[in-house]
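Chains as they are written, first to last, in the working numbering: chain A, 3 to 604; chain B, 3 to 604; chain C, 298 to 589; chain D, 298 to 589.
The beta carbon of each residue, even a glycine, is placed where N, CA and C say it ideally should be.
First comes the structure, then the notes that go with it.
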Amino acid sequence: MSNPTTRNLVIGGAAGQGLGSAGHLLARHLVRLGHQVLVTQSYQSRIRGGHNSIALRVSQRTLSAPQERIDLLLALDQETIALHAGDLAPEGRILAAGSPSLPDELRSRTLRVPISDLGGKPLTNFILLGVAASCLGLEASALASAAQAALQKRPELAQKAAGAVRAAQAWANEQAGVRDGMGSVRLPAGTEQGQTRRVLMSGNQAIALGAISAGIRFCAFYPMTPATSVNQTLVSLSERCGLVVEQAEDEIAAINMAIGASFAGAPALVATSGGGFALMTEGVSLAAMTETPLVVVVAQRPGPATGLPTRTEQADLEFVLHAGHGEFPRAVFAPGSVEACFHLTRRACLLAEQSQGPVFVLTDQFLADAHRAIEPFATEALPELRPGSGVPEGAHPAGSFTAAPPSAPPAETAPGDYRRHAFSGTGVSPRRLPGGGPELVVTDSDEHTEAGHLTEDLTVRRQMVAKRLRKERGLRERIVPPERYGDARPELLLVGWGSTRGAILEATDRLRAAGRPTGALLFAQVWPLEPESFADALSAAAAVIAIEGNATGQLARLIRRETGCEIVRRLQRFDGLPITRDYILRALGAEQARSGATKEKP
Amino acid sequence: MSNPTTRNLVIGGAAGQGLGSAGHLLARHLVRLGHQVLVTQSYQSRIRGGHNSIALRVSQRTLSAPQERIDLLLALDQETIALHAGDLAPEGRILAAGSPSLPDELRSRTLRVPISDLGGKPLTNFILLGVAASCLGLEASALASAAQAALQKRPELAQKAAGAVRAAQAWANEQAGVRDGMGSVRLPAGTEQGQTRRVLMSGNQAIALGAISAGIRFCAFYPMTPATSVNQTLVSLSERCGLVVEQAEDEIAAINMAIGASFAGAPALVATSGGGFALMTEGVSLAAMTETPLVVVVAQRPGPATGLPTRTEQADLEFVLHAGHGEFPRAVFAPGSVEACFHLTRRACLLAEQSQGPVFVLTDQFLADAHRAIEPFATEALPELRPGSGVPEGAHPAGSFTAAPPSAPPAETAPGDYRRHAFSGTGVSPRRLPGGGPELVVTDSDEHTEAGHLTEDLTVRRQMVAKRLRKERGLRERIVPPERYGDARPELLLVGWGSTRGAILEATDRLRAAGRPTGALLFAQVWPLEPESFADALSAAAAVIAIEGNATGQLARLIRRETGCEIVRRLQRFDGLPITRDYILRALGAEQARSGATKEKP
Amino acid sequence: MNASGDRRDPEVRLEDFGDFETAWCPGCGNFGILAAVKRALVELQIAPHQLLFVSGIGQAAKSPHYLRANLFNGLHGRALPVATGAKLANPELVVLVQSGDGCSYGEGGNHFLAAIRRNIDLTLLAHDNRVYGLTKGQASPTSPRQMQTKAQPGGPTSEAFDPLAVAVTMHASFVARGFAGRQAHLAGLIAAAVRHRGFALVDILQPCVSYNRIHTHRWYEERCYELDGSHDPTDRDAARARIESNQERIPLGILYRNERPVLRERFPALQSGPLVGRSVDRAALAEIVAGF
Amino acid sequence: MNASGDRRDPEVRLEDFGDFETAWCPGCGNFGILAAVKRALVELQIAPHQLLFVSGIGQAAKSPHYLRANLFNGLHGRALPVATGAKLANPELVVLVQSGDGCSYGEGGNHFLAAIRRNIDLTLLAHDNRVYGLTKGQASPTSPRQMQTKAQPGGPTSEAFDPLAVAVTMHASFVARGFAGRQAHLAGLIAAAVRHRGFALVDILQPCVSYNRIHTHRWYEERCYELDGSHDPTDRDAARARIESNQERIPLGILYRNERPVLRERFPALQSGPLVGRSVDRAALAEIVAGF
Ligand SMILES: Cc1ncc(C[n+]2csc(CCOP(=O)(O)OP(=O)(O)O)c2C)c(N)n1
Ligand SMILES: Cc1ncc(C[n+]2csc(CCOP(=O)(O)OP(=O)(O)O)c2C)c(N)n1
Ligand code: SF4
Ligand code: SF4
Ligand SMILES: [Mg+2]
Ligand SMILES: [Mg+2]
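Next up, the structure:
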């Protein structure tokens, strides 16, 4: 096994066979037992049939990315074997439902599970789970109880599923193949957990929770993969947390509703993907012009157009960065982990309120859907939004927005004096809420006066443009600088952004372990960029390579635009699958082989 | 007079007073007489009332930009004097309707025209026109006849207008002020015209004609200033030229209709402005994914959001360049003159067909609305589009798209074999039209196979991304390189794009005439950029300044992204008015004064 | 509506809404509508700060700039979604949407359908001049076939949209028609619409002196009549019959009305009052996180 | 429709449309609709290359990939505008739009209204499963109030949209309802819709076995009846009465029909045939330029 403390388990089959529920059941069970778990799902854009798979990477260490090599493959159908056996580790094993035909070299490594004897076809997923539990060395019947608990809303199924798990585990414990050959997949004991039990959470769930913790109260959405589960999580918590979540007639309505809600004082968020976001771009410009706080989550998937709805890509960075007509400042966060999804979404919410404009959280299908065991967030001390009363003291990020503006807006002498868009040194004007008092709150998508009324006065125009753009200063003062990892003066610096963080960290570890001084520079905020926060790292490295989940190297281009520094070497993936550690290592290996080859020629 | 061969005449008044028709009547008359004329209008976003003005710059030389200094001001109301007298040339004159109150220093330079005596208030515009004709030294009654001809559809008004012009001219010829003081505004004779009479045309009209000449057959639109007149010109010519022009329910429908028409074989164009274009961005991505030729005209106006609907700006370059989710090649033209509007729109149409994707024409309100005397286009020899039969031989631009692709698509052996998205070395696939033969034409906004059917095969995905991106090579082979003007190794190089061309050319002339070696680098195509086509010009200049009608220097940023070279000095205007020669000269003067001042301090 | 319930403010007078210079053509129907809106607000005794106007882009959409109130003047076609979001955030605001026929039924067509279906508690005042005014006279969704325009020299290529017929068919909860030329009557309709609990549509016939030569003030005066007690607005068939009868007799008044749950009742979170000003329940949140 | 007039091709058979593997759930109503479409095309004797299908995104929108024909599978909600553009470019194509209820009445709501008003000569087959299938079960515009979904745990927040009632109110020129479970009847309706000159809506009741537990095959079977000679489809009031009667008796068949000019007749340029393949009249152009 390549890494003795880590196991990678993959369940494959057709959509509708219950892979997801079985996989998540096992994953949650393992988390409860104290393991670190990372769950990634791969599915097609259809409801039943078509090949789906779910991978559980289990370890005692914190995990940051999925792994390609498979230690234990649960094959619910023949196709699973055809598609995944190539990734089997040298000592990897297959648990196959029924008796699929097998190539010779796999026979000895496969355990055929007699489904009909152990509960029958509709329970295949649970039967294989039971066998797997046995192979992994899990305590008998604990998983069965977990299954029963998880399915408590459907008591009949719960009963059957638990029975199947139990029977399968019992059967498996009797099999020579399990007793003798499966040692290699047996799990070590889970690590001690701290005071709080770990929980299993996806990037999208963390975004929703981050938003709630920051005080988001309103969300409007039109369903779109892979953003839907942000909205869905908000729906499921709406009653308990006091949110309004409304399905809109289209994405244009969604963003305009959110802007209306935010204007009226309910902090608001929208979450969508490429095509839906395209329809929101006019609204983005509206939020900027009316200086309405708004958080926009864009979960990327491969485009153009409908593209590959259930796959991943990082190809909308430039689009998000320039979306909306006219010029206005914005911030774009690109979290690289489930935890960062929570914290950066919080930050986005606060920053939207502070800067009174649109702030983006840019993720992708991989990060959105992958579940990982994490320490529960400490939610007690986190500051939250209060529209109209400024961002609370001590709220991070702090900075010039809350400082007394160089030229403070003139004090109001009478209610009629309130000016929503009053000029100020920071570009941010005092905010009141409509109906919150005698002041009238007026704003306009046309160019407007300080009082918010439409104007064609070209001097006011010039001042208003400058006012809005002044906010960029405040945004720049509170950027999240890129994370530095590994060697400070490396032979090779890996540069990435967003969801590829985990794979890049692991690749860095591997390269360093192999004796190659390697560093990583990871952007969790892709706009604004402050060259001072990373230019030295670029120049300290002997070689730099930009790793991106797109075909044109968008971050590399942006870095050149902002610093003049060109990152010539690129490692790009755009087939819809996430960049993994092994993908990076392979690509670097191939590159080295190539450059070796060219060196050999004259 | 600053330039003895040029006169600048401004008519000002309230919307609804007929300034536009009067101004255009005079302008066309002057063009017929052999003068070069440039007409610019400034209006507010309302139908009546509010200050409007129209400026006619008249010369014997070709004119490329408007001028600020006024030689003859026709004031239909008091406000006109208040707003424009400051721009009056030292020897400039005012013709005022009625008896407005006047500051002392203007009295002697103003001729008060007794409107009620000469036809009455509703004819004010024509009366002042008659007086102006006299001041300019135009032949008596020719203008009156022209007025009558222009208004032939409304015979009663035509009669009255002609009468008013005649009476006013007769009255004016008797005035001492005209005989004595107005010599300074008298026009020299018009220059000889060639075989073809010059015509008066706006940028938007030239775009529409360029599109028709290239073979555009379909346009769908939703009205939006300042793009409307492209659509309106197409409407007015639709019957004669065999076009379908349909008003859509919204911009989303407009672009999708255009894509449908183009797919079915009618070359199609849409024209809109910022907010409308924002709604089209999903469609842009669709055109790219389905490889459907499409021309998108974006006439910029100041944003964000509704902004200043009737003013000008150049702030959507980055938005247009990155609009649409996912990655795909595109070309963006930015014409700098009325002629370029015609020729580059033609080029955009041909290129859209050759590259089978979206191509943009990026203009702005100033260029869209300004009318200029031009030599009529020679339309005889221009190649046109034939969708489904390739772009004709000799069509400029030619290049690798039409050359035999390195790996030609396999020959079809049977109708069922036709593959709309067949792989090829150029990235462009053979095009057939649905219903045009037994072949089935299939395409999809999802990722698709060569045959156009939806696929989730990740190998095909990778190949299709590469295929689409390969088209950029062809686009790069036929770029319009930036225009170079003035000194080759200048002290100062002025860099600009699109509509500021005329002002920059004139400013260059002035600076050179003042003994300062100056050059200009003018981009009429802003994407793709080929550094080789301009990098030497940047480095040959002692100093470089980027002149843009926006607040953030978007072309300068793009140049840095593509070349690494930073243009630090910027001259930016974003108050809604066009950049003029005088604006540039003033700004450079101020800059020099400032740097002089700083030099004086230690 | 809301806010009119617990009134502590001194009497609201016409002057409270101010008097502003407009950007409209002299003779435009918008003047009459603006005056009627102010009268209705005085009748309702709603103070400027209790009101939120939302508008789109067009000549009509400039209207709320010409009175004193809270205002969100948004994008062309998108006033209804903004208003919906604002009303859900703070149901205590009295929300009125003011926009043109192009804004409301053209670019905003999908939101019009959705607002009816949601029964969001607000009032839509659609200034229906049957033309795109601000963009200089193209056909609007309500332009009739015989109306020739510069952009539609042979008349519109589509049949005219009848917002009232569609609204009644969709069981919109309040459907009325007013005329800019009958200010007092219109003011009464607007007041009734604001008082109504649920989505209230007032389609207002508005002469455009610059671009609509057919539907002049006089043309309407000759055809309009006010509904009286003989019309039962709870009778859907009767409403349809009035709306769909020939164009030579145009009914003004409340054509149709029903009572059904309003949108905010569908949200448990709104049972305890507006969203505005709440704070995060940290204990619940900690529990939720622990439960993942 | 078009193209069926001058038929030179050999007989069109079911096999000409091929037989493909689908991505649908076993038991999905889409299978019945697909089969009915093929039968209708054979009945009409329209060959694959004379047809253009346009679809959006959703489970229904995948349909035309499963038969042989020209196809533009566009964006979610935007099939109608693409189809409109294609039909105007080449009126000789027989154009069918196939998409789901979300696509046609939700995201595409504004285009639905516009297509009716334009009377563009094409057929819309709306696979109405009353749910968003592809995105896993959210409420669609036609979901009834009592339908609980993951995203709408208390049922949809909006009243259901009745596309037929709105279409009839707007004088749509052909309005029919079919049921995926009655293939032969549905095939007949589709053929009639394609033959009809003008915009033809066929709303097709489609069970979704994965996400719609209410409107099952059986539920429909118990309630649907086929209209017979006693219904006069040119009688608008009768059509409305059928559509708006209680949900326990669901009429299938042609509910309403009228004859009115189709969109292409409004364009002088189309009087001389399709736009496709024309060339520029250079002499006219030179004259036009000279006239500026
Ligand atoms: C997205 C977008 N498209 C188009 C426009 C241009 N536009 C401004 S107002 C208007 C039409 C106005 O018509 P209507 O809504 O009837 O208002 P009216 O001026 O007639 O009162 C249009 C098309 C715009 N501002 N935004
Ligand atoms: C602009 C945009 N928004 C959202 C989506 C996501 N999406 C795909 S299909 C679909 C709904 C499908 O419902 P329906 O049209 O009823 O088709 P069904 O799957 O039920 O047949 C949605 C919301 C998308 N592809 N594009
Ligand atoms: S154009 Fe028409 S709607 Fe606009 S202000 Fe003038 S009269 Fe009123
Ligand atoms: S989810 Fe529903 S609509 Fe989609 S294929 Fe399955 S049964 Fe059919
Ligand atoms: Mg209007
Ligand atoms: Mg559906």
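Closest in alpha carbon position to C:Ala-489, among C:Phe-328, C:Glu-456, C:Arg-336, is C:Arg-336. DSSP, read as helix, strand or coil, puts C:His-424 in strand. In the DSSP secondary-structure assignment, A:Asn-233 is not bridged to any residue.
B:Pro-432 and D:Ser-360 have their C-alpha atoms some 26 Å from each other. Within the model, the alpha-carbon separation for B:Gly-338 versus A:Gly-205 is close to 48 Å.
A:Pro-225 sits in coil when the DSSP states are folded into three classes, being neither helix nor strand. Per DSSP, reduced to three states, the secondary structure at B:Pro-533 is helical.
Our two residues, B:Ala-191 and B:Arg-348, have alpha carbons roughly 35 Å apart in a direct line. The beta-carbon distance between A:Gly-14 and A:Ala-77, rounded to whole angstroms, is 6 Å. This is short enough to meet the 8 Å contact definition. Secondary structure at A:Tyr-45: coil, using DSSP grouped into helix, strand and coil. With fewer than 16 other CB atoms across the displayed protein chains lying within 10 angstroms of its CB, B:Arg-188 is exposed. Contact check for B:Ile-549 against B:Leu-494 fails: the beta carbons are separated by 9 Å or more. Contact check for B:Ser-47 and B:Ser-55: beta-carbon distance about 15 Å, past the 8 Å limit, so the pair fails to qualify. B:Ala-144 is positioned such that its CB atom lies closer than 9 Å to that of B:His-31. Here the alpha carbons of A:Ala-178 and A:Thr-126 stand approximately 21 Å from one another. Using a Cβ distance threshold of 9 Å, B:Glu-458 and A:Gly-326 do not count as a contacting pair. About 11 Å separates the Cβ atoms of B:Met-282 and B:Val-299, ruling out a contact at the 8 Å cut-off.
For a Cβ distance threshold of 8 Å, residue set Pro-225, Met-226, Thr-227, Thr-230 of chain B lies close to C:Thr-432, ordered along the chain.
Put simply, of A:Val-201, A:Ala-142, A:Phe-220 the residue whose alpha carbon is nearest the alpha carbon of C:Lys-384 is A:Phe-220. Contact between the stretch 467-480 of chain D and the stretch 431-449 of chain D is absent: fewer than three C-beta pairs spanning the two stretches fall below 8 Å. DSSP lists no beta-bridge partner residue for A:Ser-275. Using a CB distance cut-off of 9 Å, D:Asn-416 does not count as an interface residue toward chain B.
A check of alpha carbon separations from C:Asn-426 across C:Val-559, C:Gly-326, C:Thr-381 identifies C:Gly-326 as the nearest. For A:Glu-93, there is no enclosing alpha helix (DSSP H); the residue is part of the beta strand (DSSP E) that begins and ends at 90-99. The three-state secondary structure of C:Met-467, taken from DSSP, is coil. Selection D:Gly-355, D:Pro-323, D:Thr-454, D:Phe-314 evaluated against D:Leu-349 yields D:Phe-314 as nearest (Cα-Cα). Using beta-carbon distances, C:Cys-322 counts as an interface residue toward chain B, with a partner under 9 Å.
Residue nearest to C:Leu-483 within the set C:Val-309, C:Ala-333, C:Cys-322 is C:Ala-333 (criterion: CA-CA distance).
With its beta carbon at least 9 Å from every one in chain D, A:Asp-366 lies outside the interface. Look at B:Cys-343 here: in three-state DSSP terms it is helix. The residues Tyr-487, Gly-488, Leu-496, Thr-520, Gly-521, Ala-522, in chain order, have a CB closer than 8 Å to that of A:Thr-510 in the same chain once the five nearest residues on each side in sequence are set aside.
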